[in-house]
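Numbering (my numbering), first residue to last: 177 to 334.
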């Protein structure tokens with residue numbers, strides 16, 4: 177959390193960042209399953225945000241990846257433990273929730289999986305820098321399935 181101080185009013189605001197990722201599995205244009213899990217914004221993701229505020233440097237969120245290892249996320253994670261597939265960012269949507277919040281939804285569509293896979297982790301990346309990571313109970317992917325990820329990062333100020 178980040179504390180912002182307004183000197184004239186001597187008040188403090190706490191800026192909160194949270195996220196969740198939504199999985200949609202499809203085959204032959206039919207939705208087979210949907211899942212939703214929380215994520216952890218890791219230290220390198222916080223540094224991306226800080227650098228953007230300071231001097232607009234650093235990468236933008238540009239891709240997502242999925243992996244097969246479900247080790248719980250740690251704030252110092254720098255990547256997925258076992259990346260099996262990645263997809264470029266397809267689009268992002270910014271929403272505002274006045275007076276004290278907003279969110280950015282990122283979307284990626286993965287190519288057809290060519291073999292059966294068990295997913296247990298996913299990540300959102302800014303170039304090669306991990307921004308956020310999520311682990312979950314296994315999600316079974318069968319050959320021929322498509323995977324869409326919608327990742328929502330929310331900001332609140334209280």
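A virtual CB, placed ideally from N, CA and C, is assigned to each residue, including glycine.
Give me, in chain order, the residues of the same chain whose beta-carbon lies closer than 6 Å to that of residue 270; leave out the 5 immediate sequence neighbours on both sides. As a first step, residue 270 must be located in the chain shown, where it is residue number 94. 280, listed in sequence order.
Short check: CB of residue 294 to CB of residue 316, under 8 Å? If you number the chain shown from 1, residue 294 lands on position 118. If you number the chain shown from 1, residue 316 lands on position 140. Yes, these two residues count as a Cβ contact at 8 Å.
Between the C-alpha atoms of residue 223 and residue 320, what's the straight-line distance to the nearest angstrom? What you label residue 223 is simply residue 47 of the chain shown in a count that begins at 1. What you label residue 320 is simply residue 144 of the chain shown in a count that begins at 1. Near 38 Å, if we compare the C-alpha coordinates of residue 320 and residue 223.
Name the DSSP beta bridge partners of residue 235, please? Residue numbering aside, residue 235 sits at position 59 when the chain shown is read from its first letter. For residue 235, which the question treats as bridged, DSSP gives no partner whatsoever.
Start and end of the beta strand (DSSP E) containing residue 212? Reading the chain shown from its first residue, position 36 is the one you call residue 212. Residue 212 -> beta strand (DSSP E) spans 206 to 214.
Inspect the beta-carbon positions of residue 285 and residue 322 and report whether they are closer than 8 Å. Within the chain shown, residue 285 is the residue found at index 109, counting from 1. Within the chain shown, residue 322 is the residue found at index 146, counting from 1. Contact: yes.
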